[in-house]
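Chains as they are written, first to last, in the UniProt record's numbering: chain A, 1 to 342; chain B, 1 to 342.
The structure appears right after this line, and notes come after that.
2 protein chains.
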Amino acid sequence: MKISIFDVAKRAGVSVVTVSRVLNDSPTVRENNRQKVRQAIKELDYRPNSAARSLARGKTGVIGLTLTTLQDSLFDGIVKCVNDALKEHGYFLALSIGPDTSDSDWGEGSNFLYQEDRVDGIIVLSPLKEENDVLELKRKKIPFVLVDNQLEDMSASVVNVDNYMGGLEATRHLLSLGHTKIAHIAGPELYRSARERKRGYIDAMAEAGHPPFLLVDSDFDIRSGFDIAKSWLAEGDRPTAVFAADDFIALGVIEAFRDAGLHVPRDLSVIGYDDQAFSSAIHPRLTTVRQPSEGMAQEAVKLLLKIVNGTQKRNASVKLEPKLIVRESTASPDGRTLEIDR
Amino acid sequence: MKISIFDVAKRAGVSVVTVSRVLNDSPTVRENNRQKVRQAIKELDYRPNSAARSLARGKTGVIGLTLTTLQDSLFDGIVKCVNDALKEHGYFLALSIGPDTSDSDWGEGSNFLYQEDRVDGIIVLSPLKEENDVLELKRKKIPFVLVDNQLEDMSASVVNVDNYMGGLEATRHLLSLGHTKIAHIAGPELYRSARERKRGYIDAMAEAGHPPFLLVDSDFDIRSGFDIAKSWLAEGDRPTAVFAADDFIALGVIEAFRDAGLHVPRDLSVIGYDDQAFSSAIHPRLTTVRQPSEGMAQEAVKLLLKIVNGTQKRNASVKLEPKLIVRESTASPDGRTLEIDR
DNA sequence: CTGAAAGCGCTTACAG
DNA sequence: CTGAAAGCGCTTACAG
């Protein structure tokens with residue numbers, strides 16, 4: 001037989017109310033009784049039934065997180081930090097991994113997290129079709145916060161990173177090294193992050209008095225970067241530096257140049273974005289822009305919990321700063337800023 | 001006010017029992033009533049309270065999955081597939097991400113998933129300190145299955161991949177290309193997978209009448225592979241092929257050779273393990289051994305659900321086969337088996 | 001500081 | 001095929 005709070009109460013010689021109080025760390029329990037209850041719990045190896053607690057309390061104690069892929073250092077980092085932050089506050093993390101493709105059949109039916117009220121709130125990570133999500137969540141009155149959302153004007157609580165600033169800083173870094181022939185390989189227009197990074201590139205160039213040297217669209221992956229860089233090698237006036245919209249593209253570019261017998265950063269400076277796990281491990285170690293996944297996670301959790309507890313009324317919006325990480329893949333056009341051990 | 005099953009019942013003009021029946025797809029409901037209930041549910045935007053259901057049913061409908069990192073294509077793939085498989089069976093996935101380090105303070109206190117009985121069962125992925133886990137889970141009578149476990153003799157339900165076979169096949173592939181100077185960069189002894197892959201290498205070499213040409217221990221990461229390969233370059237009699245215990249090591253090796261102006265696979269054939277996401281995207285595309293993450297996930301879920309439902313009594317054990325994926329990083333010693341478009 | 005009682009929102013036998 | 005009643009295991013006012 002499964003043991004319940006009654007068994008504990010009987011064993012400890014108190015009422016279930018008292019047991020409940022020590023379970024919830026209520027201060028109004030005589031120390032003596034508290035000890036007896038603790039003892040009984042241990043002896044019986046008792047664990048409170050979470051369903052009963054949830055039902056009685058009107059809260060589930062679980063927060064949902066929806067995302068499309070785990071194959072990304074940024075998401076991975078956020079999930080981990082959210083997990084930790086939640087644990088600290090006594091919450092559980094339930095994951096819902098949606099399909100990667102944005103045009104899937106999933107669009108219609110709602111996320112399974114929304115179907116039963118299993119969660120007290122939801123963190124929506126990088127939503128591609130956020131209008132739907134937001135609408136449904138609002139209709140169902142499920143507290144939520146959007147992280148890294150793609151639409152500019154969502155009336156919802158959001159936490160974002162300043163991708164425009166990231167693009168600006170990345171490009172400025174290249175400029176400060178003396179480059180002027182700076183290309184940008186942009187991510188898909190679909191992503192707000194891609195749009196803003198591109199804007200940062202354009203503005204940084206303008207700031208320095210240059211028109212964009214070369215601007216090309218791409219997917220966020222290694223092969224695209226490789227192919228684009230390959231095409232440059234055939235041409236005459238190729239860039240001396242490139243700001244890639246993410247680290248995967250950057251890696252592809254590096255491989256293409258190396259494949260042609262050229263050298264990074266001597267023949268091309270490369271800067272990526274996101275600081276993926278591999279970026280500090282490859283050769284040359286990649287200069288990149290890191291997003292503060294820990295901060296994003298903490299802000300998201302903090303915000304959501306406030307909303308859940310009713311402390312936060314109106315939509316709040318948090319914007320965090322990215323950070324330039326200078327490593328080995330960028331140097332001055334003549335390759336002389338190289339300070340690496342190779 | 002939160003709407004409950006009573007509101008639906010009233011609206012539909014039936015009893016809550018009938019509503020409950022249509023909620024649970026009971027066949028014993030007159031079609032007419034079923035429609036009325038469905039209608040009421042939709043009009044009220046009613047969602048059953050999962051806590052109440054769990055309490056009444058004695059099951060939570062959630063399965064826990066514990067792991068240490070998401071930064072791995074294999075784990076990522078498994079989590080995704082588990083998620084899907086669970087969804088199909090009407091279960092939720094709760095994640096518990098433990099610390100990466102095996103010697104952490106975490107060892108003592110139990111996993112937070114175990115503390116309240118929130119889950120009907122648990123999938124333990126690549127447990128490093130599995131004795132503890134297994135003992136605690138058994139004591140608490142929580143159904144569980146071990147996936148990719150590290151100890152040979154666990155009396156528990158497990159699903160594993162045949163890493164010995166993987167090592168054998170990887171090495172045989174290299175042998176069949178004509179190599180004899182085949183090195184193996186092994187993973188940490190701590191991992192059963194590492195031990196078995198190494199054993200596969202040794203046996204495959206013996207099978208072909210060769211002693212192991214070169215055997216070196218490593219961590220599962222890019223830098224280690226890089227450093228090890230670098231050290232070879234200084235020596236005289238270096239291998240013409242290497243079987244790396246995982247793709248990260250393999251990537252490091254490739255980079256080291258390329259960094260020295262050498263070419264893969266012309267100067268060195270490289271085969272990795274795991275088929276990480278990047279492995280098919282880098283240049284040269286990496287020959288590797290893929291683990292059947294989908295199969296592992298499905299078997300694990302199938303097994304666990306059987307245990308949960310009491311269908312499965314004794315410990316069961318499933319062993320799956322890995323698959324050799326031949327791509328561009330391996331060729332014959334003279335580099336002539338090259339059939340790639342570069 | 002402690003406990004009796006009601007209630008959280010479902011499901012499950014049991015009758016009919 | 002349908003419903004009244006009991007029960008799942010807690011927590012929360014309310015008294016004392």
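Using N, Cα and C, we set each Cβ at its ideal position, and we do this for glycine too.
Since we're looking at a predicted model, the values are computed, not measured.
Determine whether the Cβ of residue 312 of chain B lies closer than 7 Å to any Cβ atom of chain A. no
Could you say which of A/245, A/73 and A/128 lies nearest to residue 419 of chain A if we only look at CA atoms? With chain A covering only 1 through 342, there is no way to say anything about residue 419 of chain A.
Residue 71 of chain B touches chain A at which residues, Cβ-Cβ below 8 Å? 73, 76 and 277
Return yes when the Cβ of residue 301 of chain B is within less than 7 Å of the Cβ of residue 85 of chain B, no when it is not. yes
Based on DSSP bridge pairs, tell me the residues matched to residue 259 of chain A. In DSSP, residue 259 of chain A forms no bridge with anything.
For a quick check, are the C-beta atoms of residue 224 of chain B and residue 74 of chain B less than 7 Å apart? no
Please look up how many angstroms separate the CB atoms of residue 117 of chain A and residue 50 of chain B, rounded, as I've assumed it's under 8 Å. 6 Å
In this structure, does DSSP put residue 160 of chain A in helix, strand or coil? strand
Residue 191 of chain B versus B/147, B/178 and B/229, residue with shortest Cα-Cα distance: B/147
My output table needs one value for residue 323 of chain A: the three-state DSSP class, helix, strand or coil. strand
Using a beta-carbon distance below 7 Å, is residue 88 of chain A in contact with chain B? no
Using beta carbons (cut-off 7 Å, strictly below), is residue 48 of chain B in contact with chain A? yes
Listed from N- to C-terminal order along the chain, which residues in the stretch 116-138 of chain A have their beta-carbon within a distance smaller than 8 Å of any beta-carbon of chain B? 116, 117 and 118
Residue 322 of chain A: beta carbon under 6 Å from a heavy atom of the ligand ADP? This structure simply doesn't include the ligand ADP, nor any ligand for that matter.
Taking 7 Å as the CB-CB limit, is residue 93 of chain B close to chain A? yes
For a minimum of 3 consecutive residues, which ranges assigned as the beta strand (DSSP E) are wholly contained in the stretch 20-81 of chain A? 62-67
Residues within the stretch 247-273 of chain B neighbouring chain A, beta-carbon criterion of under 7 Å: 255, 258 and 259
By Cβ distance, which residues of its chain are closer than 8 Å to residue 77 of chain A, with the 5 residues on each side in sequence left out? 293, 294 and 297
Relative to the C-alpha of residue 323 of chain B, which candidate in B/16, B/170, B/235 and B/259 has its C-alpha closest? B/170
Residue range of the unbroken beta strand (DSSP E) whose run includes residue 146 of chain A: 144-147
Where does residue 333 of chain B land, buried or exposed, given buried means 16+ other C-beta within 10 angstroms? buried
Cβ-Cβ distance between residue 259 of chain B and residue 283 of chain A below 7 Å: yes
CA-to-CA distance, residue 274 of chain A to residue 246 of chain A, given in whole angstroms: 6 Å
Whole angstroms are fine: how far does the CA of residue 65 of chain B sit from the CA of residue 63 of chain A? 16 Å
Taking the DSSP output, what are the residues bridged to residue 318 of chain A? A/159
Smallest Cα separation from residue 81 of chain A: which of A/299, A/263 and A/251? A/299
Option nearest residue 153 of chain B by Cα separation, candidates B/131, B/195 and B/20: B/131
Are the C-beta atoms of residue 281 of chain A and some chain B residue less than 7 Å apart? yes
Taking a cut of 7 Å between CB atoms, which residues from the stretch 207-228 of chain A lie near chain B? 221, 222, 223 and 226
Beta strand (DSSP E) containing residue 125 of chain A: first to last residue? 121-125
Three-way DSSP call (helix, strand, coil) for residue 184 of chain B in this model: strand
Can residue 33 of chain A and residue 18 of chain A be called in contact, C-beta distance under 7 Å? yes
Presumed contact (8 Å Cβ cut-off) between residue 194 of chain A and residue 172 of chain A, rounded CB distance: That belief does not hold up - the Cβ atoms of residue 194 of chain A and residue 172 of chain A are roughly 19 Å apart, past 8 Å.
Should residue 230 of chain B be flagged as near chain A, meaning a C-beta pair shorter than 7 Å? no
Less than 7 Å between C-beta atoms, sequence neighbours within five positions excluded: which residues of the same chain meet that for residue 316 of chain A? 157 and 303
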